[in-house]
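Position 136 (the sequence shown) corresponds to 136 in full-length UniProt numbering; numbering is contiguous. Glycine is no exception: its CB is placed at the ideal position from the N, C-alpha and C atoms.
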Amino acid sequence: MEVLEAIRTRRSIRKYKERSVPEDLVKKILEAGRWAPSASNAQPWNFIVLRSQGVREDVAEATTYGKFLAEAPIGIAVVTDPEASTHPVEDGAIATQNMLLAAHALGLGACWIGAYGSTYEDEVKEILDVPKNKRLLSIVSVGFPDQSPKSSRKNLEELASENRFGKIIED
Ligand SMILES: Cc1cc2nc3c(=O)[nH]c(=O)nc-3n(C[C@H](O)[C@H](O)[C@H](O)COP(=O)(O)O)c2cc1C
């Protein structure tokens, strides 16, 4: 799938078929995360593949809006290290987005479950044995899609301007 098409057609998928995700596809998603850019190429991340149903259930239960992780065939937790990068949040976020796009391009569905700064970040870190000095950036649920949700975006004219904030783009 062409990259612009992947960006445009990716949706957050929260319902999955009862079909496991082949190992080579999991590897490709992790590779997409690995090749994300990062500040000074610090690569301050670790990716934890949540294979165990029990672990996914425990993590899902701890989250507020990620209960569907319990029904996903796999999850990937993105951990970032504030001591290893000047921009650990952006680094972890862009690795997460790379993985979302890769999953979509591979015919899978995925959803970003927010974790960084959440009320449950510490609880999930404990479940996953994440060291105290690292942060949980996100959890990504992955599986074959069993829904085709619609989404929307603001009009470009509301967001983009020229030279100064809010200046209308003229033809
Ligand atoms: C930082 C961040 C945190 C998110 N957290 C959650 C979440 O906890 N649960 C959830 O179902 N979706 C979560 N999402 C997905 C958004 O709800 C979704 O991207 C948005 O509604 C747009 O829908 P789309 O991705 O299908 O275009 C999160 C997305 C981002 C970028």
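Distance, Cα to Cα, residue i vs residue j?
{"i": "G107", "j": "E157", "result": "32 Å"}
{"i": "R19", "j": "Q147", "result": "14 Å"}
{"i": "S52", "j": "F68", "result": "15 Å"}
{"i": "G33", "j": "Q97", "result": "8 Å"}
{"i": "Y116", "j": "K125", "result": "10 Å"}
{"i": "P88", "j": "A77", "result": "15 Å"}
{"i": "G114", "j": "R164", "result": "32 Å"}
{"i": "T86", "j": "K132", "result": "18 Å"}
{"i": "E162", "j": "D24", "result": "44 Å"}
{"i": "V55", "j": "C111", "result": "17 Å"}
Enumerate in chain order the residues of its own chain whose CB-to-CB distance from residue i is below 7 Å, with the five nearest sequence positions on each side excluded.
{"i": "E57", "result": "A70"}
{"i": "V21", "result": "P73, I74, L108, V142 and G143"}
{"i": "K17", "result": "G143, F144 and D146"}
{"i": "P44", "result": "S38, T80, D81, A84, S85, P88 and D91"}
{"i": "A95", "result": "G33, A36, W45 and V78"}
Heavy atom of ligand 1 less than 6 Å from the Cβ of residue i, yes or no?
{"i": "I94", "result": "no"}
Looking only at its chain, what residues have a beta carbon closer than 6 Å to the beta carbon of residue i, apart from the 5 residues adjacent to it on each side?
{"i": "N46", "result": "V79"}
{"i": "K134", "result": "V79 and D81"}
{"i": "E104", "result": "The sequence given here has His at residue 104, not Glu. Contacts found: A6 and R10."}
{"i": "I29", "result": "M99, A102 and A103"}
{"i": "P149", "result": "R11"}
{"i": "A42", "result": "A84 and S85"}
{"i": "L4", "result": "none"}
Where DSSP assigns a beta bridge to residue i, which residues make up the other side?
{"i": "P145", "result": "Y16"}
{"i": "residue 174", "result": "As displayed, the chain neither begins before 1 nor continues past 171, which places residue 174 out of reach and without an answer."}
{"i": "G109", "result": "G143"}
{"i": "N46", "result": "V79"}
{"i": "G92", "result": "DSSP, once it has assigned bridges, lists no residue as partnering G92."}
{"i": "I29", "result": "In the DSSP output, where bridge partners are listed per residue, I29 has none listed."}
{"i": "I74", "result": "V142"}
Ordered along the chain, which non-local residues of its own chain (more than five positions away) have a Cβ less than 8 Å from that of residue i?
{"i": "A93", "result": "L137 and S138"}
{"i": "E61", "result": "K67 and A70"}
{"i": "V59", "result": "L50, G66, L69, G75, A77, V124, I127, L128 and I139"}
{"i": "E121", "result": "A115, R135 and L136"}
Compute the minimum distance between the beta carbon of residue i and the heavy atoms of ligand 3, and state whether it is under 6 Å.
{"i": "S52", "result": "This structure does not include ligand 3; its bound ligands are ligand 1."}
Within the structure, which residues are defined as neighbours of ligand 1 by a Cβ-heavy atom distance below 6 Å, reported in chain order?
The filter returns R11, S12, R14, Y65, G66, C111, W112, I113, G114, P149 and S151, in chain order.
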